[in-house]
Structures are given as C-alpha cells and as structure tokens.
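**Q** Its first residue numbered 1, the sequence shown is counted upward by one per residue in the UniProt record's numbering.
All C-beta atoms in this analysis are idealised placements derived from N, C-alpha and C, irrespective of residue type, glycine included.
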Amino acid sequence: MIISSTSDYRAAAQKRLPPFLFHYIDGGAYAEQTLRRNVEDLAAVALRQRVLKDMSRLDTSIELFGEKLSIPVALSPVGLTGMYRRRGEVQAARAADAHGIPFTMSTVSVCPIEEVAPKIKRPMWFQLYVLKDRGFMQNALERAQAAGCSTLVFTVDMPVPGARYRDAHSGMSGPNAAMRRYWQSVTHPAWSMDVGLLGRPHDLGNISAYRGSPTGLADYIGWLGANFDPSISWKDLEWIRAFWKGPMVIKGILDPEDAKDAVRFGADGIIVSNHGGRQLDGVLSSARALPAIADAVKGQIKILADSGIRNGLDVVRAIALGADCAMIGRAFIYALATSGEAGVKHLLELLEKEMRVAMTLTSVSKVSDITGDLLVRQP
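(1) Which residues in the same chain have their Cβ closer than 6 Å to the Cβ of PRO102, if we skip the five residues on either side of it in sequence?
(2) If distances are taken between C-alpha atoms only, which option among SER185, CYS111, GLU349, GLN279 comes closest to residue 380?
(3) In angstroms, rounded to a whole number, what distance separates the CA positions of ASP369 and HIS275?
(4) Assuming PRO123 contacts GLY205 under a Cβ cut-off of 8 Å, what Cβ separation, rounded to an integer in Å, is found between them?
(5) What residue range does the beta strand (DSSP E) around VAL316 cover?
(6) Are LEU347 and ALA335 closer than 7 Å when you measure CB to CB?
(7) Less than 6 Å between the CB of ALA144 and some heavy atom of the ligand GTP, yes or no?
(8) On the DSSP bridge assignment, give the partners of PHE228 in chain order.
(9) Alpha carbon to alpha carbon, what distance is there between ILE303 and ASP54?
(10) Any idea if GLU257 is buried or exposed, counting beta-carbon neighbours within 10 angstroms, 16 or more meaning buried?
(11) Does the pairing of the stretch 304–321 with the stretch 286–294 give three or more beta-carbon distances under 8 Å?
(12) Can you tell me where the beta strand (DSSP E) with VAL39 in it begins and where it stops?
(13) Could you round the C-beta distance between PHE243 and LEU141 to whole angstroms and report it? I think they count as a contact, below 8 Å.
(14) Skipping 5 residues on each side, what residues in its chain have a beta carbon closer than 6 Å to that of PHE65?
(15) Within this structure, are the beta carbons of TYR84 and ALA342 separated by less than 7 Å?
Quick look at the structure:
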C-alpha cells in the first residue's frame, strides 16, 4: 500500500488493528458531530495564495517554553499508545525526538515514565488529569520531574468520561467485551504477535508503578470512571502550580473566559481542544474556537491547538487562526499502528513538507509571519 498522507495511514491502521482498538482511537462522543467538524471546519479555512516573493530561505522552526522545535508541532498525549504498537510510547517518543519536537506522555500510557525518558535525548512533556487519588497525582509529578520531563500538560476537560457509543459496538466495552476482544486479536495475527505477545506487559505503567501491582486493560475504564473528579476547580490546580518547577499548560480550553482564567491562574500555555471530539459532542471545533481565544489572550500566554489537525496545511491554518503551535494525536497513532517508529518519522516528514509548500505559496518565510493576514475573509 502506498502511503502519502494521514488518510492512507488511517486506512492501513484499520486493516491491521483489532476493531476495538481502531474504533477507540478513531471514534468520538455521541453522534460524533464535533469529531467531524474538527476536520471539516479546519479544511474549510481558505488561505491567500501569494507568489513571486523569493521564498528560497524558509524556516519552519519555533522556540516554545525554552525549547527549539524543528516544526511548530508536538505529539499529543494519547492513552494506551502502547497497545497500537509494541511499547508504542517508546517508538513514538523516539520518532518525535529524531524530528526535534516534543512527545507528550499520557497519564494512562502502557509504558511507564521511567521506560520512555531514557530512550530519548530531549525532555518529554507529561500529561496529567485532576484525579480523586491525590496521592497518585503527587507520585506521578515527582516521577515526571525526576525523569526530566520539562513541561506539564494538565487536562481539564475530563471531569467525567464522555459517552462514546462506538466503544460498546467495537468490544472496547459493553456485553461480552473481553471475549470479543480476544476473538478480534486472534483474527489479526500481525498485531497479536507484535503487541499481544511481544508487547507485554499490557497494563497502565504509570498507575501500576504507583499501586505496586499490575493495572490491566480490563481495569482501564473502571479505574478512570472511579477516579475522575467532577468537583475540579481552579483552586485544585494551585498546589500543582506551586509543586511543578517547569512550564504548565492547561489542555481543554474552548472559551475565551476560560482562557482568561488560565492567564490569571498563571499558566504558561493553553491548548485549545475539545479532546478530539471525544467528550462533549456539539461544542465548537478548535478551528472555530481559536480566533476568539487568540483575540482574548494572544501575547499573554502561549496558545497551542489540537483536534482535527491531519496534515501540514492544517498546521499552517491553525497558526493563522491564532495558535503558536499545533498538536497531533490520531494522526501519529495511525502511523504508529501501521509502521511503528518509522511510520511516525515518515508522517512528521510529510507534515514538514506540506508546511513548506503552504508557507511557500502563501509567501511566509518563517512561522512568526503566519498570521491572520493569510486568511481569506469569507462571509
């Protein structure tokens, strides 16, 4: 199969993965309207093509939180990354490291922090939720700092898990889920050999390290549901802001007022995100939310954006809408599932090439020149 885009990687991943895993990463909440809008609204953003401006010197790099990034992209935190390829967090982190961008480790990763951090040169970012078990949160923060993680990504849009209908149909949850997952694994031998047999242990590495005993995939949904904290408020983040020594980024901002609250709180950055359409269906796409948030806080705090970004052109669009950096989640998981570390490396190469084409044909030679002036104002 010829791979030339994220769409190609998605199609290849669907063939290789057991359905419960493919639909878990591919699906969204409820009727998946926001999931679709994330992609469609970003694709609808029109750019001004400009020509004959001498684009022989072009620089895609940025500096973010004191780090040099080769392109304005970071890998988003994705739970269970290690179930998509053998020790998947390690492979994805290596690919990001090789391309000179950050990898963000999820709280609910398969590989623990201590397994991934020594495998790369640049510091990882670490993602955390507000959980009822504050002891786990402190343990995770201490271990992340000890491992040299540079930036804390704090996810605030999951006080409760979203309703994801696909999971019940695919076997991720619902009646006879364990039996259905087993049968799907048997009928996907390439995945079964790579991950099922050689990718063990299949548990939540960061949680198991804290509990001192394995926390398997069968416990995954139950543990999350029992530990998410619907009482979360800004005051619950104050001790974390005081404890964490590096930059702190708040993930899950869709409203300008919440962005202003993040500035007042003292966050270093926000991620404009609807969790990839996996939480509250019917909310704004990130593309729709970005301009108003940028108008409210641009220059006061770093603005990152995820949800719907599938290629390098989308990265340029997101920055033109007001972001300083883009983040990708599903796109790199599709590539990881298809070809492991090599697939993620190839995807990042594609993103950079697509960025360069977009920048050349909009006549911007550096990322800081990608502004709202590039947008075609449409009714």
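**A** In terms of the structure at hand:
(1) Take PRO102, set aside five residues on each side of it, and the residues of its chain with a beta-carbon closer than 6 Å to its own are ALA74, TRP125, in chain order.
(2) Residue 380 falls outside the range modelled here, since the chain spans only 1 to 379, and no answer is possible.
(3) A straight-line Cα-Cα distance of about 28 Å links ASP369 and HIS275.
(4) Their Cβ separation, rounded to whole angstroms, is 18 Å, which puts PRO123 and GLY205 out of contact at 8 Å.
(5) VAL316 -> not in any beta strand (DSSP E); alpha helix (DSSP H) instead, spanning 312–320.
(6) Yes, they are a contact pair.
(7) No copy of the ligand GTP appears in this structure; indeed no ligand is present at all.
(8) For PHE228, which the question treats as bridged, DSSP gives the partners LEU131.
(9) Cα atoms of ASP54 and ILE303: separation of roughly 30 Å, rounded to the nearest angstrom.
(10) Of the residues assessed, GLU257 falls on the exposed side of the cut-off, its CB having fewer than 16 other CB atoms within 10 angstroms.
(11) Taking a cut-off of 8 Å for Cβ pairs, the stretch 304–321 and the stretch 286–294 touch, as three or more such pairs fall below it.
(12) Residue range 33–43 is occupied by the alpha helix (DSSP H) that includes VAL39, with no beta strand (DSSP E) assigned at that position.
(13) Contact between PHE243 and LEU141 holds, since their C-beta atoms are separated by about 6 Å, short of 8 Å.
(14) Within the same chain, PHE65 has close Cβ partners THR151, PRO247.
(15) The answer is no: Cβ separation not under 7 Å.
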